[in-house]
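Under the working numbering, think of the first position of the sequence shown as 152, with each following residue one higher.
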Amino acid sequence: MDLENIVQQILLNRHDLTREEVLKKIYEKKRSSEDYFLDEVAARIVALELGVEIQNEEEPFSGEIAVKDLVSGLNNVTIIARVIAVYSAQTFTRNDSTEGKVARLLLADKTGTLKLVLWNDKIELIETDRMKRGQIVRVLHAYVRESFDGQLELHLGNKGDLETSPKNVDESRLPRMEDFLDKIGRLKPEKKTVSISGTVTQVFPVSEFTRKDGTSGKVRRLRLRDETGETTAVFWNEKADELGAVCENDQLQITNARIKAGLDGRTELHVENSSQIEKTAGQAAQPVAAAAVIHRIADLTEGRLAIIEATVTSAPIIKEVITSQGENVLVASFDLADDSGKIGVSLWRKHAEYARMLSIGTRIRLKDAYVKKGFLNPLELVSRSPTTIEVVSKP
């Protein structure tokens with residue numbers, strides 16, 4: 152067995168050591184013997200001192216390991232993983248002025264995630280759009296390095312290979328795609344990047360703006376919801392174009408979006424160059440279901456959809472306002488109360504017209520309304536396009 156195989160096995164068993172530290176120990180062992188020991192003999196002695204049992208030559212080192220066991224410096228690594236995200240290929244210029252290409256995949260097994268870096272001709276699968284999220288891959292003869300931010304990366308060089316949908320792989324060994332999706336109602340800014348799946352509930356037009364350097368940019372906003380809550384997704388520049396035509400009730404899956412606080416303090420998803428978008432149209436027959444039970448006002452929490460049955464306790468005030476997109480719309484404001492408490496309601500656009508028929512003492516059922524923080528932070532209910540209002544009884 153050669154020196155490299157022994158070093159690999161030491162690194163696999165001693166995660167507290169780097170490749171450089173292991174090679175230094177071997178060098179010092181050889182020097183202490185005045186170079187009497189061959190490299191392999193010195194390496195085996197170091198392994199023994201470190202408590203690492205080296206495989207026999209009849210049992211050659213197998214590089215197939217779990218993500219959590221990877222350490223910087225490992226070579227000839229083989230892993231089986233699921234593709235969580237596919238990043239666009241990029242070109243770069245080498246020192247000799249020739250052009251090269253690089254692309255990345257985000258991989259995961261049940262022990263962790265890491266990025267796979269593909270160089271030059273290895274990126275053909277990505278350029279030909281044959282690499283898909285959710286696919287299982289076997290990475291062969293790769294090597295592990297630290298990226299600029301200190302995170303481990305797996306690199307596929309000239310000797311490496313990438314098998315898609317390999318045979319005889321037990322899928323239960325690998326995580327499901329659903330395991331990597333975040334819930335909208337539980338988004339936290341400290342997580343920085345997230346992946347979500349949601350239904351489009353409101354579509355805003357594309358806006359153009361001018362940067363400080365005089366170049367122009369694009370931005371587009373959508374409202375997305377799942378069974379836990381709702382948020383605004385902001386698509387920038389190329390991603391606004393990539394999104395294309397989108398309608399209410401379309402289903403979007405967004406990978407690697409950045410979380411940012413909006414002007415109103417609530418979290419937004421910002422979809423940028425490193426994000427991926429998957430869109431499924433024609434989902435109107437299967438929208439995300441709202442809560443199936445009637446909620447008490449006292450039990451409402453921010454960021455959820457709710458159904459309440461309550462009584463109008465203040466006369467609706469209807470006025471015209473101008474939105475941030477310059478649109479003139481109607482909004483109606485009034486209070487509702489049940490036996491647990493009181494809450495303010497804002498009905499927008501077509502729902503504001505319905506408020507003209509409401510008076511104090513009218514009992515209504517408000518379905519699929521969104522719970523948010525209003526002025527001075529008390530919770531309020533806000534209508535959405537799918538919101539329905541039903542009069543249960545009149546005074």
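Backbone N, C-alpha and C fix where the C-beta goes; we use that ideal spot for every residue, glycine too.
Exercise. In chain order, what residues of the same chain lie with their CB nearer than 7 Å to the CB of residue 542, ignoring the 5 residues before and after it?
Worked result: 513, 515
Exercise. Taking the C-alpha atoms as reference points, what is the distance between residue 198 and residue 264?
Worked result: 29 Å
Exercise. Should residue 333 go down as buried or exposed, given a rule of 16 or more other Cβ atoms within 10 Å for buried?
Worked result: It counts as buried.
Problem set entry | 8 Å contact criterion, which residue 353 and residue 374 should meet: CB distance rounded | 4 Å
Exercise. Between 248, 290, 302, 389, which lies nearest to residue 314 when the distance is taken from Cα to Cα?
Worked result: 290
Exercise. Among 348, 267, 280, which has the Cα closest to the Cα of residue 308?
Worked result: The residue with the shortest Cα to Cα distance from residue 308 is 267.
Problem set entry | Expected contact under 8 Å - CB spacing of residue 235 and residue 360 to nearest Å | Rounded to whole angstroms, the Cβ separation of residue 235 and residue 360 is 32 Å, and the two are not in contact under 8 Å.
For this session: Please state whether DSSP places residue 426 in a helix, a strand or coil.
Result: coil
For this session: On the DSSP bridge assignment, give the partners of residue 484 in chain order.
Result: 468, 497
Exercise. Taking the Cβ atom as the reference point for each residue, do residue 494 and residue 546 lie within a distance shorter than 9 Å?
Worked result: no
For this session: Note down the Cα distance separating residue 395 from residue 371, rounded to an integer number of angstroms.
Result: 10 Å
Exercise. Taking the C-alpha atoms as reference points, what is the distance between residue 366 and residue 430?
Worked result: Between residue 366 and residue 430, the C-alpha separation is close to 29 Å.
Exercise. Ordered along the chain, which non-local residues of its own chain (more than five positions away) have a Cβ less than 6 Å from that of residue 158?
Worked result: 173
Problem set entry | the segment 292-301 in contact with the segment 333-342 per 3-pair CB rule at 8 Å | no
Problem set entry | residue 381 to residue 457 span [Cα, whole Å] | For residue 381 and residue 457, the distance between alpha carbons rounds to 12 Å.
Problem set entry | Inter-residue spacing [alpha-carbon to alpha-carbon] between residue 220 and residue 276 | Distance between the alpha carbons of residue 220 and residue 276 is about 27 Å.
Exercise. Using DSSP with H/G/I as helix, E/B as strand and the rest coil, what is residue 162?
Worked result: Three-state result, residue 162: helix.
Exercise. Taking the alpha carbon of residue 232 as the point to measure from, which residue in 496, 252, 327, 471 has its own alpha carbon closest?
Worked result: 327
Exercise. Taking the Cβ atom as the reference point for each residue, do residue 163 and residue 216 lie within a distance shorter than 9 Å?
Worked result: Cβ distance < 9 Å, so residue 163 and residue 216 count as in contact.
Problem set entry | Reduced DSSP secondary structure (H/G/I, E/B, other) of residue 331 | helix
Problem set entry | residue 241, buried or exposed, once every other Cβ within 10 Å from all chains shown has been counted against 16 | exposed
For this session: Enumerate in chain order the residues of its own chain whose CB-to-CB distance from residue 390 is below 8 Å, with the five nearest sequence positions on each side excluded.
Result: 422, 423, 424, 426, 428
Exercise. Between the Cα of residue 287 and the Cα atoms of 304, 350, 260, 525, which residue gives the shortest distance?
Worked result: Between residue 287 and the set 304, 350, 260, 525, the nearest pair of CA atoms involves 260.
Exercise. Does residue 352 have its Cβ less than 9 Å from a Cβ in chain C?
Worked result: Reference to chain C is not applicable here, since this structure consists of a single protein chain.
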